[in-house]
Structures are given as structure tokens and as C-alpha cells.
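A.B. asks: In this note's numbering, the protein residues as written are 793 to 1141. All C-beta atoms in this analysis are idealised placements derived from N, C-alpha and C, irrespective of residue type, glycine included. Just so you know, these numbers come straight off a predicted model, no measurement behind them. Sharing a structure with you now.
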Amino acid sequence: MRGVVFTGDRELEIMSFPDPTPGFGEVVLEMKASGMCGSDLKQYRRPRGVRQNNGLATAEGPVIAGHEPCGVVAAIGPGVDPRQARVGQRVMVHHYQGCTSCNHCRTGWQQLCQKTSVKVYGNNAHGGHAPYMCVPANTLVPLHEGLSFKAGAAISCGTGTAWGALRRMNVSGNDTIAIFGQGPVGLSATQLAAAMGARVIALDISPQRLERARQFGAAETINPSNVEPVAAIRELTHGLGADLTLDTSSSPQARIQAIRALKVWGTCCFVGEGGEVTIDVSPDMLRRQATVIGSWTFSSVGQEECAQFILDRGITVDDLFTETWRLDQAEEAYRLFDTQTSGKGVFLL
Ligand SMILES: [Zn+2]
Ligand SMILES: [Zn+2]
793 MRGVVFTGDR ELEIMSFPDP TPGFGEVVLE MKASGMCGSD LKQYRRPRGV
843 RQNNGLATAE GPVIAGHEPC GVVAAIGPGV DPRQARVGQR VMVHHYQGCT
893 SCNHCRTGWQ QLCQKTSVKV YGNNAHGGHA PYMCVPANTL VPLHEGLSFK
943 AGAAISCGTG TAWGALRRMN VSGNDTIAIF GQGPVGLSAT QLAAAMGARV
993 IALDISPQRL ERARQFGAAE TINPSNVEPV AAIRELTHGL GADLTLDTSS
1043 SPQARIQAIR ALKVWGTCCF VGEGGEVTID VSPDMLRRQA TVIGSWTFSS
1093 VGQEECAQFI LDRGITVDDL FTETWRLDQA EEAYRLFDTQ TSGKGVFLL
């Protein structure tokens, strides 16, 4: 089979790999949809020859990209409990593998495993940008008939990450939340927070992305290229600041603005990967009793809950996707995604 590999310096190759066969406890999926996530860009842009530096073990040899995998079970290896997987079943992948037996792994947070070097599918283990993918059966999360494979792909990282952050902040209808960055994760957060009843203030430097944020439920939009965002958020909140803020952009300026735009006792959450922020601790945090938290994706249980919320509320996650691609269009797909002005892309197989 052929799979997409990021080779560095904003280049990729479609390379040949043997068709996978499931080992003990594993299944092979026939991929139906494999999403493009903002964090792919980190791997796509890294200099040629330089391996990742995000705390993960490095894989040997080329690795198939794509960490939003969704498809159907095509083959089942020995030792798989029939309750875990059956041929033809529609599934998403919780795209991590830890030791499977520590407390983090057993509660569905395999990415937090401290006992072994964690595999992240699409990063240091083969991901979903290929016709087939082999994963342990314990990474599967069922996909309801009422959700498309595209929706399942989004839930498998970008949309699930937004949901995980909002749940950690206990967003409710009482809250005004300012969401910095309206890329795929930020736009999902806007859509989900609005469905949870919150008043959403969406921020982005792209007017097109702000326009989409309005369509996805933002009550207010702010373009930080035109106005000072902290002042603008205060103006929209009776001078108090937002109850909650979320940074999806990874920009150092946006991160500090997200903290400064909080009301007293407010909570700020960072989900954007990489980079840094400088915080003047006393005025920015202590004097305002600020809570600043980080949120890394979601558990496998959370992934299923996110899917259920989306199904029950009829949330049109499919609308996040502005582009659908075939695998042989991967170069063009990532070149466009790299501009960070488009919506989300997905490979349909
Ligand atoms: Zn573990
Ligand atoms: Zn992702």
C-alpha cells in the first residue's frame, strides 16, 4: 500500500509500505477518512533530517502521517476479545498506545503513560494517511451510524481536543468564553461551547476565519490586527473580562492576552502545541486569582462522550471541512493547509 510521509522542509512523499497484518491483540482498519490536524504542520515544517522534539520517542524509518483515523475493521488478529472489535465495525482510533496497564492507561489516557515510551499514531508510529492501518484493539472507539467517517476523523483529534479543553473548564451557559485562534480546533471550540450554552467571543487575524466563527455560533468576533484584544474583550464584558479563555493559536502574544483578558477568578486554558509564553506572575495571575491550565487532547472515554454529545445535539461537525482530498493529492492538500487561512481538510479513502 501507499502512505503519506512528511520528509521535512514542507515536503512529503507518498511511499510504498507492506500491507499490514494484525498481530496479537491488533486489528487492521480499512481507512475511510483521515483528517488533517493543525499539529501535523509541526512535523510538515520541521527541517529535513531533524526529528521531533516534543518529548516522544523517535521512530525508526519513515512513518505514515495522519492522527485522525476513522474507518472500518477489516481484519482481526489473535487474542482480540470479540466485544472489542468485529469485522465491518465502524470505528475511530484513540491514537495513542502506552503500557495499557498503569492507572493512566486503564482510565483511557494512554498518552499520559509514564511506564513506557508512548506511541502516537501518525507521529512515531504509522497513522491513517494510507488505505490500511494496524492498531491494538484497545485503541478503538466505536463510531455511531449517525455520524459520518469525516466527523469521526475530526473527533479523533481536533474536535475532541476542543471538547476536552471545554470539559476541563466546565463550560456552561453562565460563561462568556474568549477563544483565541479559529483554526480547526478553535472553530470546533466555538461550535461546541455555543452548543454548551456559552457566549463565545472568537478571535483570529483572518477575516475569513472570523466570518466562519460567526456561522459556527460565535456571538462576537475580534480581529487582533485591528484592535487591542484585551481591551476589546473587556468592552464586551462590562469591563470585567471573560469568565474563561482558550488559546488554540500557540502564539506567545495570544497566550498572554488570553490570561490578561480573564476576569478575577477566571480560568485560561492552553491547547495549542509548542512555543512559549512570558507571564508577569503577580499582576497577570496572583492579583486576579487566575487559574491557567494546559489540556492535551482527551481520553478514549472522552472521545466516545464527545461523539455522543455531537450526535445528540445534532452538531454539524462535517461543516468544519472545507476541503476533501484523495491521498495522491497530499502535496497540494498540505500546501494549502500550511497557509492557515483555509478550513480543515480530510482525506477520503
Ligand atoms: Zn501505562
Ligand atoms: Zn491533532
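Please look up how many angstroms separate the CB atoms of S1042 and G1066, rounded, as I've assumed it's under 8 Å.
C.D. replies: Indeed they touch by this definition, with Cβ atoms about 6 Å apart.
A.B. asks: Buried or exposed for G853, going by 16 or more other Cβ atoms inside 10 Å?
C.D. replies: G853 is exposed by the Cβ-count criterion.
A.B. asks: Would you grab the beta carbon distance between I969 and A987 for me? Rounded to a whole angstrom, and I think it's under 8 Å.
C.D. replies: I969 to A987, Cβ: 12 Å. No contact.
A.B. asks: Tell me whether K911 counts as near ligand 1, meaning its Cβ is closer than 6 Å to at least one heavy atom of that ligand.
C.D. replies: Answer for K911: no, Cβ out of range of ligand 1.
A.B. asks: Taking 6 Å as the cut-off, does the CB of S1043 come closer than this to any heavy atom belonging to ligand 2?
C.D. replies: No, ligand 2 has no heavy atom inside 6 Å of this Cβ.
A.B. asks: Let me confirm a value: E1027 is counted as buried when at least 16 other C-beta atoms fall within 10 Å, else exposed. Which label applies?
C.D. replies: Exposed, by the Cβ-count rule.
A.B. asks: Give the list of continuous beta strand (DSSP E) stretches no shorter than 3 residues that lie fully inside the region 886 to 919.
C.D. replies: None, since the region 886 to 919 contains no complete beta strand (DSSP E) of that length.
A.B. asks: To the nearest angstrom, how far is it from the Cα of A954 to the Cα of V1063?
C.D. replies: For A954 and V1063, the distance between alpha carbons rounds to 8 Å.
A.B. asks: Please name the residue in K1136, L1141 and A1050 whose C-alpha comes closest to that of C829.
C.D. replies: When only C-alpha atoms are compared, the closest one is K1136.
A.B. asks: For a test of the three-state rule: what should DSSP assign to P999, helix, strand or coil?
C.D. replies: Helix at P999.
A.B. asks: Assign E1068 to one of two classes, buried (16 or more other C-beta atoms within 10 Å of its C-beta) or exposed (fewer than that).
C.D. replies: The residue is exposed, with fewer than 16 neighbouring Cβ atoms inside 10 Å.
A.B. asks: Taking the straight line between their C-alpha atoms, what separation do you get for M884 and I1051?
C.D. replies: In a straight line, the C-alpha of M884 is about 34 Å away from that of I1051.
A.B. asks: Please say whether C926 and P814 have beta carbons closer to each other than 7 Å?
C.D. replies: Result yes, Cβ atoms of P814 and C926 sit closer than 7 Å.
A.B. asks: Name the residue from V1093, V1138, E1096 and Q1100 whose alpha carbon lies nearest to the alpha carbon of E1115.
C.D. replies: Out of V1093, V1138, E1096 and Q1100, V1138 has the C-alpha closest to the C-alpha of E1115.
A.B. asks: Just curious, the beta strand (DSSP E) that R1104 is in, first and last residue?
C.D. replies: The amino acid at residue 1104 is misidentified as Arg; the sequence shows Asp. Per DSSP, D1104 belongs to no beta strand (DSSP E); it is in the alpha helix (DSSP H), S1092 to D1104.
A.B. asks: May I ask you to list the residues that DSSP assigns as paired with K1055?
C.D. replies: Note: K1055 sits in no beta bridge, so no partner.
A.B. asks: When you measure from the CB of G817 to every non-hydrogen atom of ligand 1, does any distance come out below 6 Å?
C.D. replies: Checking the Cβ of G817 against ligand 1 gives no.
A.B. asks: Identify every run of the beta strand (DSSP E) within the region 948 to 993, keeping only runs that are complete inside it and at least 3 residues long; order them along the chain.
C.D. replies: Whole beta strand (DSSP E) segments, 3+ residues: 968 to 972.
A.B. asks: Kindly give me the distance between the Cβ atoms of A877 and V865, rounded to whole angstroms, as I take these residues to be in contact under 8 Å.
C.D. replies: A877 to V865, Cβ: 5 Å. Contact.
A.B. asks: How would you label G880, buried or exposed, when you count the other beta carbons within 10 angstroms and need 16 or more for buried?
C.D. replies: So G880 ends up on the exposed side.
A.B. asks: Enumerate in chain order the residues of its own chain whose CB-to-CB distance from T741 is below 6 Å, with the five nearest sequence positions on each side excluded.
C.D. replies: A query on residue 741 cannot be resolved here, the shown segment of the chain reaching from 793 to 1141 and no further.
A.B. asks: If contacts are defined as beta-carbon pairs under 8 Å, then L1054 and A1034 qualify, I think. What distance do you get, rounded to the angstrom?
C.D. replies: Indeed they touch by this definition, with Cβ atoms about 6 Å apart.
A.B. asks: Classify E818 as buried or exposed, calling it buried when 16 or more other Cβ atoms lie within 10 Å of its own Cβ.
C.D. replies: Result: buried.
A.B. asks: Out of curiosity, what's the CA-to-CA distance linking L995 and I868?
C.D. replies: The alpha-carbon atoms of L995 and I868 are separated by roughly 45 Å.
A.B. asks: Taking the beta strand (DSSP E) that A867 falls in, what are its first and last residues?
C.D. replies: First-last of the beta strand (DSSP E) with A867: P861 to I868.
A.B. asks: Give a yes or no on contact between the region 942 to 957 and the region 1086 to 1102, applying the rule of three or more CB pairs nearer than 8 Å.
C.D. replies: With the cut-off at 8 Å, the region 942 to 957 and the region 1086 to 1102 touch.
A.B. asks: If you follow the beta strand (DSSP E) that A1034 is in, where does it begin and where does it stop?
C.D. replies: From DSSP, the beta strand (DSSP E) with A1034 extends over A1034 to D1039.
A.B. asks: At 3 residues or longer, and completely inside the region 804 to 853: list those beta strand (DSSP E) runs for me, N to C.
C.D. replies: Fully enclosed beta strand (DSSP E) runs of 3 or longer: 818 to 827.
A.B. asks: Of all residues in the structure, which have a C-beta closer than 5 Å to any heavy atom of ligand 3, taken in chain order?
C.D. replies: Ligands present in the displayed structure are limited to ligand 1 and ligand 2, and ligand 3 is not among them.
A.B. asks: Check the DSSP bridge columns for E1012 and list the partner residues they point to.
C.D. replies: Its beta-bridge partners are I993.
A.B. asks: Could you please give me the residues that DSSP links to I1085 through a beta bridge?
C.D. replies: I1085 pairs with C1061.
A.B. asks: Given F1008, which residues of its chain have a CB within under 6 Å of its CB, disregarding the five upstream and five downstream residues?
C.D. replies: Closer than 6 Å at the Cβ level, and outside the excluded window around F1008, lie L979, T982 and Q983.
A.B. asks: Please list the terminal residues of the continuous beta strand (DSSP E) segment that includes E1115.
C.D. replies: That run of the beta strand (DSSP E) goes F1113 to W1117.
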